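With the sequence shown counted from 1, adding 6 to any position gets you this note's numbering.
All C-beta atoms in this analysis are idealised placements derived from N, C-alpha and C, irrespective of residue type, glycine included.
All figures in this text were calculated on a predicted structure; none of them were measured in a lab.
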Amino acid sequence: MTENQPQAPITSMDGWRDQWMAARQNPDAFWLARTRELIQWRTEPTQGLHGDFSTIKDGPLTWFADGKLNITESCLDRHAAATPDKTAILWEGDEPGDVQHISFAQLLEKVCRLADALGKLGIQKGDRVIIYMGMVPEAAVAMLACARIGAIHSVVFGGFSAEALRDRVRDCGAEVVITQNVGRRGGRNIPLKAVTDEALEGERGVKGVIVFKRTDDETPMVEGRDHWWHDVCANASPNTPATECDAEDALFILYTSGSTGKPKGVVHTCGGYITYATYTHKTVFGIQPDDVYACVADVGWITGHSYIVYGPLSNGVTTLMFESTPMYPDAGRYWDMVQRHKINVFYTAPTAIRAIAAHGDDFVTKYDRSTLRVLGTVGEPINPEAWQWYHDSPGEGRCAVVDTWWQTETGGICITPIAGATPTKPGSATLPMPGINPVLMQADGSGKVMWGPGEGHLCIEYPWPGQARTVWNDHPRFVATYFQTYPNYYFTGDGCKRDDDGYHWITGRVDDVLNVSGHRMGTAEFESALLIRDEVAEAAVVGYPHPIKGQGVYAYIVLQPGQEATDELPKLLQQEVRTNIGVVAKVDKFQFIPGLPKTRSGKVMRRILRKIAEGQPDAIGDTSTLADPSVVETIKAGYQG
Ligand code: 7RM
Numbered sequence: 007m008t009e010n011q012p013q014a015p016i017t018s019m020d021g022w023r024d025q026w027m028a029a030r031q032n033p034d035a036f037w038l039a040r041t042r043e044l045i046q047w048r049t050e051p052t053q054g055l056h057g058d059f060s061t062i063k064d065g066p067l068t069w070f071a072d073g074k075l076n077i078t079e080s081c082l083d084r085h086a087a088a089t090p091d092k093t094a095i096l097w098e099g100d101e102p103g104d105v106q107h108i109s110f111a112q113l114l115e116k117v118c119r120l121a122d123a124l125g126k127l128g129i130q131k132g133d134r135v136i137i138y139m140g141m142v143p144e145a146a147v148a149m150l151a152c153a154r155i156g157a158i159h160s161v162v163f164g165g166f167s168a169e170a171l172r173d174r175v176r177d178c179g180a181e182v183v184i185t186q187n188v189g190r191r192g193g194r195n196i197p198l199k200a201v202t203d204e205a206l207e208g209e210r211g212v213k214g215v216i217v218f219k220r221t222d223d224e225t226p227m228v229e230g231r232d233h234w235w236h237d238v239c240a241n242a243s244p245n246t247p248a249t250e251c252d253a254e255d256a257l258f259i260l261y262t263s264g265s266t267g268k269p270k271g272v273v274h275t276c277g278g279y280i281t282y283a284t285y286t287h288k289t290v291f292g293i294q295p296d297d298v299y300a301c302v303a304d305v306g307w308i309t310g311h312s313y314i315v316y317g318p319l320s321n322g323v324t325t326l327m328f329e330s331t332p333m334y335p336d337a338g339r340y341w342d343m344v345q346r347h348k349i350n351v352f353y354t355a356p357t358a359i360r361a362i363a364a365h366g367d368d369f370v371t372k373y374d375r376s377t378l379r380v381l382g383t384v385g386e387p388i389n390p391e392a393w394q395w396y397h398d399s400p401g402e403g404r405c406a407v408v409d410t411w412w413q414t415e416t417g418g419i420c421i422t423p424i425a426g427a428t429p430t431k432p433g434s435a436t437l438p439m440p441g442i443n444p445v446l447m448q449a450d451g452s453g454k455v456m457w458g459p460g461e462g463h464l465c466i467e468y469p470w471p472g473q474a475r476t477v478w479n480d481h482p483r484f485v486a487t488y489f490q491t492y493p494n495y496y497f498t499g500d501g502c503k504r505d506d507d508g509y510h511w512i513t514g515r516v517d518d519v520l521n522v523s524g525h526r527m528g529t530a531e532f533e534s535a536l537l538i539r540d541e542v543a544e545a546a547v548v549g550y551p552h553p554i555k556g557q558g559v560y561a562y563i564v565l566q567p568g569q570e571a572t573d574e575l576p577k578l579l580q581q582e583v584r585t586n587i588g589v590v591a592k593v594d595k596f597q598f599i600p601g602l603p604k605t606r607s608g609k610v611m612r613r614i615l616r617k618i619a620e621g622q623p624d625a626i627g628d629t630s631t632l633a634d635p636s637v638v639e640t641i642k643a644g645y646q647g
């Protein structure tokens, strides 16, 4: 059976085309072959896809439904057996040179101990565990320990506030929270345990908190609820058996912002997700067994899940975890690490590239980058200038640059060059992965598919194993968000251009989702935080182009009658946003206006607000449907340039 032969690496455009065509012609055969060759199954699946986008309203689709596995056996046991002493996690702490090497054998033992400790706290298969940590190896251990016993983890980014953490604990019904006393970043403490305490005040559902001791800072512990990580792990088994799971058992929930309401708990399942993370990681970056691979994202985002933890460990390569920032102690930190750790593949975000490029080439050239082979970027559109700098300066003009487009919901990379195979164009994510069928829809609401070059809304036509299955506890919301705009297609929320060569150029979100420094946030989340303050009658938040962050946040505020826009007010409003969302959420500009531009039916015309915030008041277009077109002139006049 040819489909059972291991896939040859893609090294040419012909190779890419062959595999893309094979996946298109027989997706089941393609993905069954990939999962059998890449993943350790207890019972190999014989079934591919069940269901499709037309039946998704009746329930989640499935991949590999008759397979049984525990994904930690792919990420840990098989490598602990074959290469026990090889470094699995290479940790670089906040201070340069504060380094740990954790081998596959050691990582497996740590995971087993925490898994056993979780079990002793009453956590069973299917239970939810929240992980609220910084970038320490223990964050990966916590994720894998949950997976070991079939518990469902939900990592909450350490920059989110107590309110945001509490919302997530409640939404998923978490019974245990794993945190650390403090996080370290850029020489400063991040009060993770204190925020956890605030979030959990009065939360009866959480029966235990496990606290990793990152520093010797004094840490108040709640009697009967809180346990030190080192205590519970010291008394735990180093050989906790892996719990057998169905391919479609949930592996994790990750909350992500959409255009409306609170963040959604996107659910990924074991078999399809691990297959897609492993396959894309290996294929896109051309991973070699002895590579030192570094993705400097945070495990609080999907990039950290798929390309710091699950993909690289499943592929058995050394994966770096980086606790600090690209600027600490100076703008040379990335390349300092590349030199010291002999990094071969390096993966970061456009916002970081732009920020360090602004500090000049000396911070780059003083370090040896000769080990680098592939440079990746993800999180937001990369402007051609930043792409070129990444390619020429850190990459010495000889490394492959892969601009990888994907989303929390897609589980892994979908549109990207394949390192060493795809000719690149600066600013283009180029071509789809095998198994991904991108389609552009006319943006005029006609629902028509566009052929050939053009610009439209990016959809994906056919299911793939790594895609999210549902929204936690709210399948109708999943269907409404992704499958209703364009029936029978997955709608990404992104705009996209396709050029004459069939290359894809992502233009950014076409909905009310903001992307600030690669952090995805909803305008609705900002607006509801602003509305909490009594002074505020109405609020509308939009994005505008920002040279480093990609997007800045522009808030229009209508005050209650009798209220005044004092000098203090923006600070108070910002404080409210921070309390409700977290330190990552910052309003860059406030404009106080007498009224929002609304249609006669009361709908806010965000297009107008967006154009003014973008500094393009002349591109506003038709305002004749507004209830009171004169507000536009007032808003234009008060523009915060
Ligand atoms: C991986 C991740 C998803 C949104 C997505 C896009 C934007 C991500 C790129 C990109 C242009 C890229 N997941 N995006 N990668 N835009 N080029 N290479 O970021 O769920 O947090 O965000 O990010 O708008 O819809 S995410």
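Taking C-beta atoms as the reference points, H85 and W69 fail to come closer than 9 Å. In this structure, the C-beta of Q413 approaches the ligand 7RM to less than 8 Å from one of its heavy atoms. Sequence-distant partners of D255 (beyond 5 residues in either direction) whose C-beta falls short of 7 Å from its own C-beta, in its chain, are G156, T275 and C276. Closest in C-alpha terms to E43, from the list V105, G179, P143 and T281, comes T281. DSSP places I362 in the uninterrupted alpha helix (DSSP H) bounded by P356 to A363. The Cβ atoms of G230 and V183 do not sit closer than 9 Å to each other. When secondary structure is reduced to three states using DSSP, W37 falls in the helix class. Leaving aside the five residues that flank P438 on each side, the residues in its chain whose CB is nearer than 6 Å to its CB run, in chain order, I421 and P444.
With a cutoff of 9 Å on beta-carbon distance, I554 and T331 are scored as not near each other. The three-state reading of DSSP puts Q473 in coil, since its state is none of H, G, I, E or B.
Inside the stretch 435 to 518, DSSP marks whole alpha helix (DSSP H) runs of 4 or more residues at positions 481 to 488, from first to last along the chain. Between the stretch 168 to 178 and the stretch 358 to 373 there are fewer than three inter-stretch CB-CB distances shorter than 8 Å, so the stretches are not counted as touching. In the DSSP assignment, the residues bridged to S160 are I136. Cβ-Cβ distances below 7 Å link P244 to E115, C118 and R119 in the same chain, with the five nearest sequence neighbours on each side left out; the list follows chain order. The DSSP-derived three-state label of V589 is coil. Within the chosen limit of 8 Å, the ligand 7RM reaches the beta carbon of T309 through at least one heavy atom. Within the stretch 44 to 124, the runs of alpha helix (DSSP H) that reach at least 4 residues and sit entirely inside it are, in chain order, 84 to 88. One thing to note: D506 has its Cβ no nearer than 9 Å to the Cβ of P469. Annotation for T383: the continuous beta strand (DSSP E) segment containing it runs V380 to T383. Residue range P143 to R154 is occupied by the alpha helix (DSSP H) that includes P143. Distances taken from the Cβ of R30 to the heavy atoms of the ligand 7RM include none shorter than 8 Å.
The alpha carbon of F489 has as its nearest neighbour, out of G453, V519, C502 and E461, the alpha carbon of G453. Close CB contacts of A474 within its chain, under the 7 Å cut and outside five residues either way in sequence, are with V272, V273, H274, E415 and G417 (chain order). Between the alpha carbons of T428 and F598 lies a distance of about 49 Å. Look at A571 here: in three-state DSSP terms it is coil, with no helix or strand label. In the three-state DSSP reduction, E207 falls in the coil class, being neither helix nor strand.
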